[in-house]
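2 protein chains.
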Amino acid sequence: MRISALAAEAGLPVATVKYYLREGLLQPGIATSATQASYDEHHLRRLRLVRALTGPVGLSVQQARAVLQLVDEPGDDLYATLGRAVGALPPEGAEPAEASDPFPRARAALEELGQVYDPGFAAVAQLECALAAAEDAGMPITRERLARYGRAAADLAAYDLERMPREPHAAVEYTVLGTALYEPVLLALRRLAHQDVAVRRLGRARPVE
Amino acid sequence: MRISALAAEAGLPVATVKYYLREGLLQPGIATSATQASYDEHHLRRLRLVRALTGPVGLSVQQARAVLQLVDEPGDDLYATLGRAVGALPPEGAEPAEASDPFPRARAALEELGQVYDPGFAAVAQLECALAAAEDAGMPITRERLARYGRAAADLAAYDLERMPREPHAAVEYTVLGTALYEPVLLALRRLAHQDVAVRRLGRARPVE
DNA sequence: ATGATTGGATAGTTGTACTCTCCAATATTA
DNA sequence: TAATATTGGAGAGTACAACTATCCAATCAT
């Protein structure tokens with residue numbers, strides 16, 4: 466399969482595929498001559514993944530590249546790789562910074578939840594940032610709500626982890642892509658559940674089942 | 466309070482505050498003369514909200530404007546207003562489109578969950594889009610996982626709705642801002658829960674409680 | 001043999017989110 | 001009261017991201 470066929474298959478302009486090649490999101494095809502290279506379904510699958518990450522997931526090209534690189538070469542420390550991969554996902558919280566207690570809100574929250582955490586883990590900064598934003602906007606999160614959300618998150622995590630493949634490479638792919646791809650699903654479901662509950666409570670005619 | 470004081474208070478350049486005024490994210494101050502206007506804490510709170518929406522929540526300026534307008538002037542149909550507000554939040558799924566069954570995956574999923582839904586509701590398109598992305602990327606969501614996520618979402622929605630203010634204006638603000646501001650919290654908690662579960666299972670030394 | 005296609009590089013386009021510069025009118029300060 | 005600083009408002013300018021278009025000489029298909 467040549468580049469034009471690959472692009473057509475993926476429904477993208479050739480110029481865009483070339484752009485992804487340049488940016489390192491797509492591995493180069495096997496060169497069959499100075500001006501020809503061949504691509505296979507592996508490349509097609511990758512292209513679809515790139516579109517999923519830059520589209521619905523909302524990653525920038527650079528973030529997608531970072532995530533894909535980690536999936537491609539996980540390194541031998543599974544734990545560190547997963548941490549780094551999640552750090553590459555939006556939203557980006559400010560980095561660890563300076564102070565003795567850089568994440569006061571997140572620390573308090575996690576202690577309250579009785580959760581183990583690594584202060585270097587990017588999600589801690591993300592949590593701090595999100596909690597601060599809610600506060601700044603005048604809608605701070607109550608302890609009770611935090612506990613509720615935390616419990617739900619823990620349930621889902623337990624479920625997901627049970628299904629994680631044993632083999633390290635597959636485990637990284639599963640976790641990283643699972644985080645990136647399933648989060649939008651969870652958010653959409655939450656929004657729809659809000660609507661469902663609202664309709665049942667407020668009583669409204671329009672919706673159909 | 467004049468514009469420079471407002472900007473200083475919010476930690477922003479004056480030019481940026483002017484930009485938000487131009488873009489209609491911030492309501493103009495009360496003009497005290499041809500070249501002076503005065504702002505109060507109301508404006509400051511709004512400015513913080515704008516930063517929360519364009520920062521951690523990840524809205525573009527236009528999306529933030531759309532959300533804020535709905536919060537400001539909810540219209541008399543609470544249900545429609547909430548639907549429109551959620552539609553203004555990312556990620557944007559393609560619009561209803563054409564075909565007889567524009568959202569096959571989402572429809573199947575919601576039927577499976579036994580949920581009431583309005584096909585015109587933006588979150589349906591978002592769900593369709595997210596499910597399609599997961600499929601395209603080679604990690605389709607199983608029925609079982611969907612059920613699990615759906616149940617978690619329903620629990621959270623029930624909790625949130627119970628706490629929704631009665632007064633319509635306040636209800637819109639609560640729902641819209643709650644969606645925008647609490648979603649990042651939920652995602653961060655999910656990521657941290659993954660790590661927590663992983664550590665407990667895989668056994669790892671570094672993290673602290 | 002001849003027109004189309006390719007990889008590779010460079011430049012151009014579009015859109016977003018600011019940021020800067022001006023200006024005359026006002027406010028503050030000396 | 002005179003000199004200096006600040007303001008609101010408008011328009012232009014900047015920086016970056018994500019493509020998109022153009023070239024080119026080397027192949028490839030017919």
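Order-wise, the sequence lines are chains A and B.
Mapping of the first sequence onto the numbering used here: residues 466 to 674, in sequence order.
Mapping of the second sequence onto the numbering used here: residues 466 to 674, in sequence order.
Think of the CB as a built atom: it goes at the ideal place given N, C-alpha and C, for glycine as much as any other residue.
Remember, it's a predicted structure, so these values are computed and weren't measured experimentally.
By alpha-carbon positions, which one of A:T546, A:P521, A:S498 and A:G520 ends up nearest to T640 (chain A)? Position 175 of the first sequence, counted from the start, is the residue given in the question as residue 640 (chain A). Out of A:T546, A:P521, A:S498 and A:G520, A:T546 has the C-alpha closest to the C-alpha of T640 (chain A).
Quick check on E506 (chain A) - is its C-beta less than 7 Å from some C-beta in chain B? The residue given as residue 506 (chain A) occupies position 41 in the first sequence. Using a CB distance cut-off of 7 Å, E506 (chain A) does not count as an interface residue toward chain B.
Kindly indicate which three-state DSSP category I606 (chain B) falls into: helix, strand or coil? By 1-based counting over the second sequence, the position of residue 606 (chain B) is 141. In the three-state reduction of the DSSP assignment, I606 (chain B) falls in the coil class.
I need the boundaries of the alpha helix (DSSP H) containing A595 (chain B), first residue and last residue. The sequence position of residue 595 (chain B) within the second sequence is 130, counting from 1. First-last of the alpha helix (DSSP H) with A595 (chain B): A587 to D601.
Residues in the stretch 612 to 637 of chain A having any Cβ partner in chain B nearer than 7 Å: Identification of residues in the stretch 612 to 637 of chain A having a C-beta nearer than 7 Å to some C-beta of chain B yields R613, Y614, G615, A617, A618, A619, D620, L621, A622, A623, Y624, D625 and L626, given in sequence order.
So with Cβ pairs under 7 Å, would you call Y582 (chain B) a contact of chain A? Here residue 582 (chain B) is taken as the residue at index 117 of the second sequence, counted from 1. With a threshold of 7 Å between beta carbons, Y582 (chain B) makes contact with chain A.
Using the beta-carbon count (16 or more within 10 Å), is G489 (chain A) buried or exposed? Counting from one through the first sequence, the residue named residue 489 (chain A) turns up at place 24. In this structure G489 (chain A) is exposed. Its beta-carbon is surrounded by fewer than 16 other beta-carbon atoms within 10 angstroms.
Per the DSSP calculation, S498 (chain B) is bridged to which residue(s)? Sequence index remark: in the second sequence, residue 498 (chain B) carries index 33 (1-based). Paired residues: B:Q501.
Proximal residues, the stretch 647 to 666 of chain B versus chain A, C-beta separation under 8 Å: Listed by position along the chain: Y647, E648, P649, V650, L651, L652, A653, L654, R655, R656, L657, A658, H659, Q660, D661, V662, A663, V664, R665 and R666.
Under the assumption that V650 (chain A) contacts L596 (chain B) (Cβ atoms under 8 Å), give the Cβ distance between them as a whole number of angstroms. Taking the first residue of the first sequence as position 1, residue 650 (chain A) is located at position 185. Taking the first residue of the second sequence as position 1, residue 596 (chain B) is located at position 131. Beta-carbon to beta-carbon, V650 (chain A) and L596 (chain B) are separated by about 6 Å, close enough to satisfy the 8 Å threshold.
Quick check: what's the CA-CA separation for A460 (chain B) versus R610 (chain A)? Residue numbering for chain B in the displayed model covers 466 to 674; residue 460 (chain B) lies beyond these limits and cannot be assessed.
Assigned secondary structure, G476 (chain B) (DSSP; H/G/I helix, E/B strand, else coil): Locating residue 476 (chain B) in the second sequence gives position 11, counting from the first residue. Three-state result, G476 (chain B): coil.
Tell me the residue span of the alpha helix (DSSP H) that contains E506 (chain A). Translated into the one-based positions of the first sequence, residue 506 (chain A) becomes position 41. Here the alpha helix (DSSP H) through E506 (chain A) covers E506 to T519.
Any chain A beta carbon closer than 7 Å to A517 (chain B): Translated into the one-based positions of the second sequence, residue 517 (chain B) becomes position 52. Taking a beta-carbon distance threshold of 7 Å, A517 (chain B) counts as an interface residue toward chain A.
Give me the subset of the stretch 485 to 504 of chain A whose CB atoms are less than 9 Å from a CB atom of chain B, sorted by chain position. Correct list: empty, as no residue qualifies.
Establish whether the CB of A475 (chain B) and some CB of chain A are separated by less than 7 Å. Looking up residue 475 (chain B) in the second sequence gives position 10. Closer than 7 Å: no.
Got a sec: which bits of the stretch 600 to 612 of chain B sit with their beta carbon under 7 Å from any beta carbon on chain A, in order along the chain? Going along the stretch 600 to 612 of chain B in chain order, one finds D601, A602, G603, M604 and I606 with a Cβ nearer than 7 Å to chain A.
Could you tell me the distance, in whole angstroms, from the CA atom of G579 (chain B) to the CA atom of Y647 (chain B)? Position 114 of the second sequence, counting from 1, holds the residue named residue 579 (chain B). Position 182 of the second sequence, counting from 1, holds the residue named residue 647 (chain B). The alpha-carbon of G579 (chain B) is positioned some 25 Å away from that of Y647 (chain B).
Using a Cβ-Cβ distance under 7 Å, would P556 (chain B) count as near chain A? Here the question's residue 556 (chain B) lines up with position 91 in the second sequence. Judged by the 7 Å Cβ criterion, P556 (chain B) is in contact with chain A.
Within 7 Å of any Cβ in chain B, is that where the Cβ of R511 (chain A) sits? For the purposes of this step, residue 511 (chain A) is taken as residue 46 along the first sequence, with counting starting at 1. No, because no Cβ of chain B sits closer than 7 Å to the Cβ of R511 (chain A).
Contacts of T481 (chain B) in chain A (Cβ-Cβ under 8 Å): For the purposes of this step, residue 481 (chain B) is taken as residue 16 along the second sequence, with counting starting at 1. Within chain A, no residue comes near T481 (chain B); the closest Cβ sits about 16 Å away, beyond 8 Å.
Short check: CB of V589 (chain A) to CB of F568 (chain A), under 7 Å? What you label residue 589 (chain A) is simply residue 124 of the first sequence in a count that begins at 1. What you label residue 568 (chain A) is simply residue 103 of the first sequence in a count that begins at 1. In terms of Cβ geometry, V589 (chain A) and F568 (chain A) form a close pair [threshold 7 Å].
Identify whether V522 (chain A) lies in helix, strand or coil by the three-state DSSP scheme. Translated into positions along the first sequence, residue 522 (chain A) becomes position 57. Here DSSP, grouped into helix, strand and coil, assigns V522 (chain A) to coil.
Along the chain, where does the alpha helix (DSSP H) containing R549 (chain B) start, and where does it finish? Here residue 549 (chain B) refers to the residue found at position 84 of the second sequence. Per DSSP, the unbroken alpha helix (DSSP H) holding R549 (chain B) starts and ends at L543 to G552.
Any 3 or more C-beta pairs closer than 8 Å across the stretch 496 to 513 of chain A and the stretch 535 to 552 of chain B: Result no; under three Cβ-Cβ pairs closer than 8 Å.
Quick one: list the residues of chain A neighbouring L642 (chain B), beta-carbon separation under 9 Å, in chain order. Mapped onto the second sequence, residue 642 (chain B) falls at position 177. Within 9 Å Cβ-Cβ: A599, A602, G603 and M604.
For G520 (chain B), which residues in chain A fall below 7 Å Cβ to Cβ? If you number the second sequence from 1, residue 520 (chain B) lands on position 55. Listed along chain A, the residues sitting closer than 7 Å to G520 (chain B) by beta-carbon distance are A598.
Tell me, to the nearest whole angstrom, how far the beta carbon of L518 (chain A) is from that of L491 (chain A); I am working on the premise that it is less than 8 Å. Counting from one through the first sequence, the residue named residue 518 (chain A) turns up at place 53. Counting from one through the first sequence, the residue named residue 491 (chain A) turns up at place 26. Not a contact, Cβ separation roughly 12 Å.
On the CB-based measure, 16 or more other CB atoms within 10 Å of its CB, does P521 (chain A) come out buried or exposed? Start at 1 with the first residue of the first sequence, and residue 521 (chain A) comes out as number 56. Buried is the label assigned to P521 (chain A), since at least 16 other Cβ atoms lie within 10 Å of its Cβ.
Does any C-beta atom of chain B lie closer than 7 Å to the C-beta of V532 (chain A)? As a working note, residue 532 (chain A) is residue 67 in the first sequence. For V532 (chain A), the answer is no, since every Cβ of chain B falls outside 7 Å of its Cβ.
With 16 other Cβ atoms within 10 Å as the buried cut-off, status of E638 (chain B): Along the second sequence, read from residue 1 onward, the residue named residue 638 (chain B) stands at position 173. Residue burial annotation: E638 (chain B) is buried, with at least 16 other C-beta atoms found within 10 angstroms of its C-beta.
Check whether chain B comes within 7 Å of G676 (chain A), counting only Cβ atoms and requiring the distance to be less than that. In the structure as shown, chain A starts at 466 and stops at 674, and residue 676 (chain A) therefore has no counterpart that could be examined.
Whose C-alpha, out of A:R570, A:A574, A:Q528 and A:S565, is nearest the C-alpha of P556 (chain A)? Working through the first sequence from its first residue, we reach residue 556 (chain A) at position 91. Among A:R570, A:A574, A:Q528 and A:S565, the Cα nearest to that of P556 (chain A) belongs to A:Q528.
For S469 (chain B), the three-state DSSP class (helix, strand or coil): Within the second sequence, the letter at position 4 stands for residue 469 (chain B). S469 (chain B) sits in a helix when the DSSP states are folded into three classes.
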